[in-house]
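Numbering (numbering that gives the first Met the number 0) for the sequence shown: 0 to 400. Yeah, the Cβ is synthetic: ideal placement off N, Cα and C, and Gly gets one too. Owing to the predicted nature of the structure, the values given are computational and were not obtained by experimental measurement. Report on the structure given below.
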Amino acid sequence: MAEKLDKPIGLTAKPTRSQEFYDSVKRKYAEERDLRLKYRPNGLSQYTSELSGTLAKYEVDTYAEAVTPRKPLNDTVECLFIGGGFSALLTSARLRQVGVESIRIVERGADVGGTWYWNRYPGVACDVVSYDYLPLLDELDYVPKDHYAGGPEIFAHCKAIAKKYNLYELATFQTTVTATVWNEAEQMWHVATDRGDQMKARFVICANGILTKPKLAKIKGLETFKGHSFHTSRWDYAYTKPDLSGLEDKVVGIIGTGATAVQAVPGLGAAAKELYVFQRTPSSIDIRDDWPTDPNWARKLINNNKPMVLVAMYPAGVIAGILVIMTNKSFAALGGLFIIAGAIVYLVGIFSIKAAMEEYYNWTEKMGLQMSGAMTFFFSTIYIQYHVNRIARWKKTGVIS
Ligand SMILES: Cc1cc2nc3c(=O)[nH]c(=O)nc-3n(C[C@H](O)[C@H](O)[C@H](O)COP(=O)(O)OP(=O)(O)OC[C@H]3O[C@@H](n4cnc5c(N)ncnc54)[C@H](O)[C@@H]3O)c2cc1C
């Protein structure tokens, strides 16, 4: 369960270095920042996300069909999300788990996914280990294919989350929220969009991200450039072709060498007739040490029910022992042996699910229960039997992260 994942199990995070060390790191970062700002005093004003007039084409959704007219919405929902990326998906899933039914996602794009809907440039991938980055892996019973997931896999995962938690039912795509006004008398948000909707919601959750608008460098002549150009977050596959064969006879230039270019350049270099990489500030680049997920490791995560089998053997041992004693008193020693063996296996099981015991004690503490050793033994057996499957999955997440 979510609340358990947040709690370190048997670990306490202690800083391993002195405060002076951390202060010196902070000082170094501040120095480097000031150095950069000195070179580029115009800061963010070097860029624009105001994409109107001749620049409007850079914002067109290249992945969607033309917007089909629909009637404006004027209904009321419990929770309304602005945006349909991971923030909205994960929060919606948790809301569903606590019984919230009426959830609407309002998204500018034509599907959920956010960052992973918009960014489909060749080579797009996550630079955080996939088992850490992708949310709700347990709930979806999904193990990522690689150590670092590619963009298409992440986008597919977003869609799978929306499907599993029935988030498509009320979602509205190709729709941009333009106003949210709180109505005190109704205790409701009044939400307006660019499609003429006038919806109401008890809760509005801003999950609109910070990186979803293309940001262009203000380069002289951009407005009048006659060649074909687009932003990486609106990749024009109609022009390049999905396998980039459309670039075979083209001279291509890519501006910038940040994380996106690092991913896109190898594919572009291989496909284009010529590729020019325009680099103003070099970025630090390391080997992409990626590999496919080991299927044996993945299997172990899913079938981690050994502790359950071990713990279940205790009552089995006791019952077998009692039956043997009842059947024939002269086999009492054998019956006793069964009971002792069951208890030993049980202890091994308990040891291997220490986390379950910890949870059990948290539970008794929360309930304010004071139990004797025997009662603890009895109730913990029932409790652990009942929860052990969930704990095995919880352990699995522990292993992953
Ligand atoms: C190219 C790229 C690569 C990245 N790689 C990594 C990575 O490797 N590791 C990592 O940890 N993070 C990475 N990130 C950061 C990434 O954005 C976050 O990890 C995460 O996906 C953000 O999710 P979100 O739901 O908060 O926002 P987003 O995914 O940005 O989703 C917000 C959504 O809100 C929509 N929206 C915005 N305004 C409105 C409105 N008014 N009305 C309706 N809809 C609206 C947008 O269209 C968008 O779909 C990357 C980001 C980019 C751009």
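Status (buried if at least 16 other CB within 10 Å, exposed otherwise) for residue i
i      : result
ILE81  : buried
ASN73  : exposed
GLU106 : buried
PRO121 : buried
CYS205 : exposed
GLY149 : buried
THR326 : exposed
TRP290 : exposed
GLY42  : exposed
PHE337 : buried
THR15  : exposed
TYR275 : exposed
TYR21  : exposed
VAL180 : exposed
LEU346 : exposed
GLY341 : buried
VAL387 : Its pLDDT being 49, under 50, VAL387 is placed unreliably by the model, and the measurement read from it follows with that caveat. VAL387 comes out buried.
Residues of its chain near residue i, where Cβ-Cβ distance is below 6 Å and the 5 sequence neighbours each way are ignored
i      : result
SER371 : Because SER371 sits at a pLDDT of 49, beneath the cut-off of 50, its placement in the model cannot be relied upon, and the following sentence gives the value as read from the coordinates. Once the five neighbours on either side are set aside, SER371 has no close Cβ partner at all.
TYR132 : CYS125
ALA87  : PHE80, ILE104, ALA206
ALA260 : ILE253
LEU221 : none
Pairwise C-alpha distance: residue j and residue i
i      : j      : result
PHE85  : GLN262 : 21 Å
GLU19  : ARG32  : 20 Å
SER17  : SER23  : 10 Å
ASN118 : ARG69  : 27 Å
ALA270 : ALA161 : 35 Å
LEU36  : LEU169 : 45 Å
THR109 : PRO151 : Reading off the sequence, residue 109 comes out as Ala, not Thr. Roughly 15 Å between the two C-alpha positions.
ILE153 : TRP115 : 7 Å
HIS230 : LYS240 : 16 Å
GLY268 : GLN278 : 15 Å
ALA29  : ARG39  : 15 Å
ASN182 : ILE102 : 19 Å
ASP147 : VAL128 : According to the sequence shown, residue 147 is Tyr rather than Asp. C-alpha separation (whole angstroms): 5 Å.
VAL123 : VAL251 : 18 Å
TYR130 : LEU136 : 8 Å
ILE318 : GLY113 : 55 Å
PRO134 : TYR141 : 10 Å
LEU89  : LYS27  : 36 Å
PRO71  : ASP288 : 49 Å
SER329 : VAL323 : 9 Å
ILE286 : LYS225 : 37 Å
GLY52  : ASP193 : 18 Å
SER44  : ILE209 : 17 Å
SER48  : LYS219 : 15 Å
SER244 : ASN295 : 37 Å
ASP242 : THR75  : 44 Å
TYR57  : TYR167 : 28 Å
Neighbourhood of residue i by C-beta distance below 7 Å, restricted to the same chain and skipping five residues each side
i      : result
LYS164 : For the sequence presented, residue 164 should be read as Tyr rather than Lys. Excluding sequence neighbours, TYR164 sits near SER91, ALA92, ARG95.
ALA191 : THR177, ALA178, GLN197
HIS227 : TYR238
Residue of the options minimising C-alpha distance to residue i
i      : options                        : result
ALA331 : ALA340, GLY226, GLY320         : GLY320
ALA65  : GLN173, THR47, CYS78, VAL323   : GLN173
GLY195 : GLU183, THR177, VAL203, ILE209 : THR177
ALA55  : GLY208, ARG233, THR15, GLU100  : ARG233
LEU34  : THR280, GLY252, ILE318         : THR280
THR292 : TYR62, LEU79, PRO143           : PRO143
VAL111 : THR171, VAL59, VAL97, THR67    : THR171
ALA315 : SER329, SER51, GLY334, ALA297  : GLY334
GLU185 : ASP193, THR192, ALA200, THR175 : ALA200
THR211 : GLY52, LEU346, GLY83, TYR21    : GLY83
THR61  : ALA237, ILE318, GLY341         : ALA237
SER283 : TRP296, THR256, VAL264, GLY266 : THR256
ASP145 : ALA297, LEU166, ILE339         : ALA297
ASP235 : LEU50, LYS25, ALA63            : ALA63
Residue-chain proximity (residue i, chain B), Cβ-Cβ < 9 Å
i      : result
GLY335 : The structure shown has no chain B; it contains just one protein chain.
Close-in-space but distant-in-sequence residues of the same chain around residue i (CB under 8 Å, 5 per side omitted)
i      : result
LEU139 : HIS156, ALA159, ILE160, LYS163
GLU247 : ALA270, ALA271, LYS272
TYR46  : LYS214, LEU215, ALA216, LYS217
GLU100 : GLU77
PHE202 : GLU77, CYS78, LEU79, TRP188
Residue i beta carbon near ligand 3 (any heavy atom closer than 8 Å)
i      : result
TYR236 : The model depicted lacks ligand 3 and carries ligand 1 instead.
Handout entry: Check your reading: residues with Cβ closer than 6 Å to ligand 1 heavy atoms
Key = ILE81, GLY82, GLY83, GLY84, PHE85, SER86, ALA87, VAL105, GLU106, ARG107, GLY108, GLY113, THR114, TYR116, ASN118, CYS125, ASP126, VAL127, TYR132, THR175, VAL176, ALA206, ASN207, GLY208, LEU210, THR211, THR259
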